[in-house]
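Numbering (mature numbering (1 follows the signal peptide of the UniProt record, and there is no 0)), first residue to last: -22 to -1, 1 to 175.
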């Protein structure tokens, strides 16, 4: 009886485990690869808030008593801007020496107090200007000085967080210039470089 007991136990064990081998060998199914969605790079905008100072150089031409007068203008400026997001508001004080002259009149210098308001385009700031301008001039050998108004447009471009390049076109108007009996006007176009701090 013992002779049949061991083979019977082996057959029973084989019968229990046989279904595990019924399918044969199969390759394991690879796990699906999940690739994350691409993330758009974050582009940091320029914050125009803060003070700045710089130098300008350009060209100017006159009208009225300074008709046909033209020559170089150059100077320095400083101001402060506040960035509200898309809108930037600021003030600036500028001094420009001038070589604008004709046979009758010469414009010696401009001192301007300007309000700047513009649109933040990221690395560029496009703005408009209004303000008061004080000028010293010579008309027919007499020295005159008076306060008028200025308006114009400009653009600044941020090369780095501190260094800006720009350009500004301004119209300067003086009605009845210093009781001389003459009107005086001048247009200036200047290139600007400034340091922000």
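All C-beta atoms in this analysis are idealised placements derived from N, C-alpha and C, irrespective of residue type, glycine included. Note that the structure is predicted; figures quoted are calculated from it, not measured.
Residue 138 has its alpha-carbon roughly 42 Å from the corresponding atom of residue 155. Contact between residue 51 and residue 166 holds, since their C-beta atoms are separated by about 5 Å, short of 8 Å. Cα atoms of residue 67 and residue 94: separation of roughly 6 Å, rounded to the nearest angstrom.
A check of alpha carbon separations from residue 91 across 70, 105, 123 identifies 70 as the nearest. Within the same chain, Cβ atoms closer than 6 Å to the Cβ of residue 77 are found at 49, 50, the five residues on either side in sequence being excluded. The C-alpha of residue 56 lies about 34 Å from the C-alpha of residue 159. If you draw a straight line from the Cα of residue 114 to the Cα of residue 108, it is about 20 Å long. Residues of the same chain with a CB within less than 6 Å of the CB of residue 25, apart from the 5 flanking positions on each side, are 61 in chain order. For the set 7, 9, 28, 72, the Cα lying nearest the Cα of residue 141 is the one of 28.
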